[in-house]
């Protein structure tokens, strides 16, 4: 098994294409997407079309926001969701393609369990919406509850901050780990980072390659200025959504 785990693409076509190209070069056998294909960015249709062929895909909170009424989003994110919905419903597009994308989103599960592995978007307790941040290692009650909800390994996204949480209440960033982690007996939660909107101060796209022996973080450069320009050119998308791509925040 050599599996690529990607998450939080957020309609960033340039980031997604760069990551998929790198995945092809790594001789990966399967690709799993942990949700938030859409939201924030300028290319929702194109990103869905690329993700449809993944071996597995989960529902993210922005994906659900497009399907139903967005709840708990700030004004910029909410406005982006409504704009995204318009793109997916555009009557000038092929009606069958529109229906295929909506059907795909509507059938996405909230989690996926495979023996010792659990895959979610948010957390083991709330697969869709709960954030698990690095500073949560100081919230012992929260972390103990989360670790009690899966057998050995949990993989997630949502915060856009990559790293490994251990059951011993430690957090390791990819840099702390020299981008590699050998799995053992200890339970871990792994945030795979974000393809389309990194928030750990590194503007490069981030994803994880998982094998039986461990995991590797991959950081991939892409032309984020092209994505920024697209966002600037769409009045319904806040310029801040482009600005943050440059800073990785």
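Residue numbers (this note's numbering): 11 to 259. Yeah, the Cβ is synthetic: ideal placement off N, Cα and C, and Gly gets one too.
query, result
"Distance CB(residue 161)-CB(residue 106) smaller than 7 Å", "no"
"Expected contact under 8 Å - CB spacing of residue 22 and residue 205 to nearest Å", "7 Å"
"Distance between beta carbons of residue 142 and residue 175, contact taken as under 8 Å", "7 Å"
"Meets three-Cβ-pair contact criterion under 8 Å: the region 46-62 and the region 107-115", "yes"
"Residue of 172, 136, 257 minimising C-alpha distance to residue 155", "136"
"Neighbourhood of residue 264 by C-beta distance below 6 Å, restricted to the same chain and skipping five residues each side", "Because the chain here runs from 11 to 259, residue 264 falls outside it and cannot be looked at."
"Cross-strand partners of residue 206 (DSSP beta bridge)", "DSSP output for residue 206 lists no bridge partner at all."
"With 16 other Cβ atoms within 10 Å as the buried cut-off, status of residue 248", "buried"
"Of the listed residues 167, 223, 210, 186, nearest to residue 200 (C-alpha basis)", "167"
"Inter-stretch contact at 8 Å, needing at least 3 Cβ pairs: the region 18-37 / the region 223-234", "yes"
"Segments of 3+ residues assigned as beta strand (DSSP E) that fall wholly inside the region 174-254", "180-182, 190-192, 198-201, 215-221, 224-230"
"Proximal residues to residue 74 (C-beta, below 7 Å), its chain only, five neighbours per side dropped", "138"
"Simplified DSSP state of residue 96, which is helix, strand or coil", "helix"
"Residue(s) in a DSSP beta bridge with residue 129", "122, 165"
"For residue 15: DSSP bridge partner residues", "42, 218"
"Buried versus exposed, by CB contacts within 10 Å (16 or more), residue 39", "exposed"
"Short Cβ contact (7 Å threshold) for residue 45 with residue 20", "no"
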